[in-house]
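Novice:
Protein chains in written order, with the numbering used here: chain A, 9 to 316; chain B, 52 to 318.
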């Protein structure tokens, strides 16, 4: 089921066409990345999805409903804006408790989410006194507090240090695994998205150039990396490293990205299954992919620009 | 995690949040002090003219109101332009739009804090001062008192409604405040020009035009029909029409703001 369906969206700011006939589908349970350079139309698309902008043409539905001025959807959707602002003179804990009361959830949840994002020491700080990174964490806590079914995040890792970004992306994966929460993440930092996204929509000049599951896009545009989604990546990685034909192996919260010597891909499939059993872990899926999402993005954009 | 049995209270919480921002220390204390100071300074130095007790009541109210109503205008300008305007500029309104609440309810919460609370403080201090000064006159002529306040507040609300429209359009707190100040003085200049025309021509129509947005002039002419438009003495019913008309105009302008905020405002 698609939680977000956007069809033929057009949005202009005077002469500037920010979104130009955009189609987007975000499947339930997926972590979808909306990737593109600055000025591609990501933020405009997200604002239309969130009901903050009306498109000049086209149609968008979230959970099958129009997002404009729709309070029902707010219970189901959490939002992290590119630049988040909150009533600045209130204290961190006080405001998060207020948000609990807004959504009708126990105030104990406030402590829980602030702990998840690492703001336990900032309870009594006024929101205006938070650093940019802390404010971003606060925005994330604010987005997840009511356990929404869909989280839309625009440049969520902006202003965070590398450790913060890593923690946050792991949090995204964990929430997706545990709560089956759907994510739409917009970013121009492709290595980060490649770690967490199942699907991507590559957007440039207001259009989606390509969209779909990462594996399908890799298959279509490039085939060099094998992606193994596994329950315990570290354990399987430790076994795979012993194989002679493994050229490169990268582990993250979701799985392992493996580059093999040419022609050894089939061997890897067999060996991975055996070694997973040995490591007592379960393989959730194996996909082939390109060397990186950045390369995929470049291949897609180059390909589409050639058509034009 | 289980949700509580009761649904959330988004309207009350956003109203409470806005109150906390608009009247944080020392804003509430400062403006209350200015209202009180302005009221009792005028008490000390004014003598009350009028032939009838009704005219005395009218004069007492208008003399007490002079400085405090200016403070009231400053406070609502601050709350609308600097409060709501900054929320639009910085994006706090985007955050409110992520809560389970209709846009009109968000705007209502903001305006209740910006205008209604300021008005309640203003009226509370004013009417308390009046009861301290002359309880018999005020009790017997409470209708005159309320009509006088309504006529004067109508103009303040008109300014607030125009400022709100400007703020929603420009979405910049500082710029909206500048526009509001220009508007205030521009209307003053227009008032002055129309008053001069009334004086020169000896006819009442310029004052009648001003009275549409500032019905206090009609009330003044009703009680003391001298001066620049001495020929115009509106009846009590006419004054009520002017006051009602001014409030109707204010209601229309606020309605336009609501429609814009709910249907057109993009962030």
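Backbone N, C-alpha and C fix where the C-beta goes; we use that ideal spot for every residue, glycine too.
Owing to the predicted nature of the structure, the values given are computational and were not obtained by experimental measurement.
In chain order, what residues of the same chain lie with their CB nearer than 7 angstroms to the CB of residue 58 of chain A, ignoring the 5 residues before and after it?
Specialist: Hits under 7 angstroms: 75, 87 and 160.
Novice: Going by DSSP, what residue range makes up the beta strand (DSSP E) through residue 242 of chain B?
Specialist: Note, residue 242 of chain B: premise wrong, no beta strand (DSSP E); alpha helix (DSSP H) at 224-252.
Novice: Counting only the same chain and skipping the five closest in sequence on each side, list residues whose C-beta sits under 6 angstroms from that of residue 208 of chain B.
Specialist: 301
Novice: Taking Cβ-Cβ distances below 9 angstroms as the criterion, which residues of the region 20-41 of chain A are in contact with chain B?
Specialist: none
Novice: Sorted by chain position, which residues of the same chain lie with C-beta nearer than 6 angstroms to residue 302 of chain A's C-beta, five sequence neighbours on each side aside?
Specialist: 198
Novice: Given that residue 190 of chain B touches chain A, what residues does it touch there, using C-beta distances under 8 angstroms?
Specialist: Chain-order list of chain A residues neighbouring residue 190 of chain B: empty, with the shortest C-beta distance near 42 angstroms, by a criterion of under 8 angstroms.
Novice: Mind checking if residue 224 of chain A is an interface residue toward chain B, Cβ cutoff 8 angstroms exclusive?
Specialist: no
Novice: Along the region 146-160 of chain B, what residues have a CB closer than 8 angstroms to any CB found in chain A?
Specialist: Under the 8 angstroms Cβ criterion, the region 146-160 of chain B contributes 146, 148, 149, 150, 151, 152, 153 and 154.
Novice: Who are the near neighbours of residue 142 of chain B in its chain, counting only those whose CB is closer than 8 angstroms to its CB and skipping five residues on each side?
Specialist: The beta carbon of residue 142 of chain B is closer than 8 angstroms to those of 318 in its chain, skipping five residues each way along the sequence.
Novice: Drop a sphere of 10 angstroms on the beta-carbon of residue 192 of chain A, count the other beta-carbons inside from all chains shown, and report buried for 16 or more, exposed for fewer.
Specialist: By the neighbour-count criterion, in which a residue is buried when 16 or more other Cβ atoms sit within 10 angstroms of its Cβ, residue 192 of chain A is buried.
Novice: Just how far apart, CA to CA, sit residue 59 of chain B and residue 105 of chain A?
Specialist: Going by the C-alpha atoms only, they are around 12 angstroms apart.
Novice: In angstroms, rounded to a whole number, what distance separates the CA positions of residue 272 of chain A and residue 253 of chain A?
Specialist: If I take the Cα positions, the gap works out to 7 angstroms.
Novice: Can a CB atom of chain B be found closer than 8 angstroms to the CB of residue 203 of chain A?
Specialist: no
Novice: Find the residues of chain A that neighbour residue 75 of chain B, judging by a C-beta separation of less than 7 angstroms, and give them in chain order.
Specialist: Neighbours of residue 75 of chain B across chain A, judged by C-beta separation under 7 angstroms: 97.
Novice: Which residue or residues does DSSP assign as beta-bridge partners of residue 191 of chain A?
Specialist: A/39 and A/159
Novice: Under 8 angstroms between C-beta atoms, does residue 142 of chain B make it to chain A?
Specialist: Chain A, which has a Cβ nearer than 8 angstroms to the Cβ of residue 142 of chain B, makes this yes.
Novice: How many Å lie between residue 256 of chain A and residue 312 of chain B at the Cα?
Specialist: 55 angstroms
Novice: How close, in whole Å, do the beta carbons of residue 149 of chain A and residue 177 of chain A come, if the pair is a contact with beta carbons under 8 angstroms?
Specialist: That pair is no contact at about 16 angstroms.
Novice: Just curious, the beta strand (DSSP E) that residue 137 of chain A is in, first and last residue?
Specialist: Per DSSP, residue 137 of chain A belongs to no beta strand (DSSP E) and is neither H nor E.
Novice: Taking all protein chains shown into account, do 16 or more other C-beta atoms lie within 10 angstroms of the C-beta of residue 306 of chain B, making it buried, or fewer, making it exposed?
Specialist: exposed
Novice: In this structure, how does DSSP classify residue 212 of chain A when only helix, strand and coil are distinguished?
Specialist: strand
Novice: Does the distance from the C-beta atom of residue 211 of chain B to that of residue 261 of chain B stay below 8 angstroms?
Specialist: no
Novice: Which runs of the alpha helix (DSSP H) fall wholly inside the region 32-107 of chain A and span at least 4 residues, in chain order?
Specialist: Unbroken alpha helix (DSSP H) runs of no fewer than 4 residues, entirely contained in the region 32-107 of chain A, are found at 50-57 and 79-84, following chain order.
Novice: How many Å lie between residue 214 of chain B and residue 230 of chain B at the Cα?
Specialist: 8 angstroms
Novice: Show which residues of chain A have a CB atom less than 8 angstroms away from the CB atom of residue 318 of chain B.
Specialist: The contacting residues are 55, 60 and 61.
Novice: On the DSSP letters alone, give me the boundaries of the alpha helix (DSSP H) that residue 208 of chain B sits inside.
Specialist: For residue 208 of chain B, the enclosing alpha helix (DSSP H) has its first and last residue at 193-221.
Novice: Candidates A/223, A/152, A/290 and A/285: which alpha carbon is nearest residue 149 of chain B's?
Specialist: A/152
Novice: Could you spell out the range, first to last residue, of the alpha helix (DSSP H) harbouring residue 143 of chain B?
Specialist: Under the DSSP assignment, residue 143 of chain B falls in the alpha helix (DSSP H) whose first and last residues are 143-147.
Novice: In the DSSP output, which residue or residues are listed as bridge partners for residue 275 of chain A?
Specialist: Paired residue(s): none; residue 275 of chain A is not in a bridge.
Novice: Interface residues of chain B around residue 87 of chain A at Cβ under 7 angstroms?
Specialist: Taking a Cβ-Cβ threshold of 7 angstroms, the residues of chain B close to residue 87 of chain A are 149, in chain order.
Novice: Taking 6 angstroms as the limit between beta carbons, can you name the residues of its chain near residue 41 of chain A, skipping five residues before and five after?
Specialist: 193, 201, 205 and 208
Novice: At the 8 angstroms Cβ level, is residue 295 of chain B part of the contact set with chain A, yes or no?
Specialist: No, residue 295 of chain B lies away from the interface with chain A (no Cβ there is under 8 angstroms from its Cβ).
Novice: Residue 220 of chain B CB to nearest chain A CB: under 8 angstroms?
Specialist: no
Novice: For residue 30 of chain A, does the count of other Cβ atoms within 10 angstroms reach 16, so buried, or fall short, so exposed?
Specialist: buried
Novice: What do you get for residue 244 of chain B, buried or exposed, if any count of 16 or more other CB atoms within 10 angstroms of its CB means buried?
Specialist: exposed
Novice: Between the alpha carbons of residue 71 of chain B and residue 129 of chain B, how many angstroms are there, rounded?
Specialist: 14 angstroms
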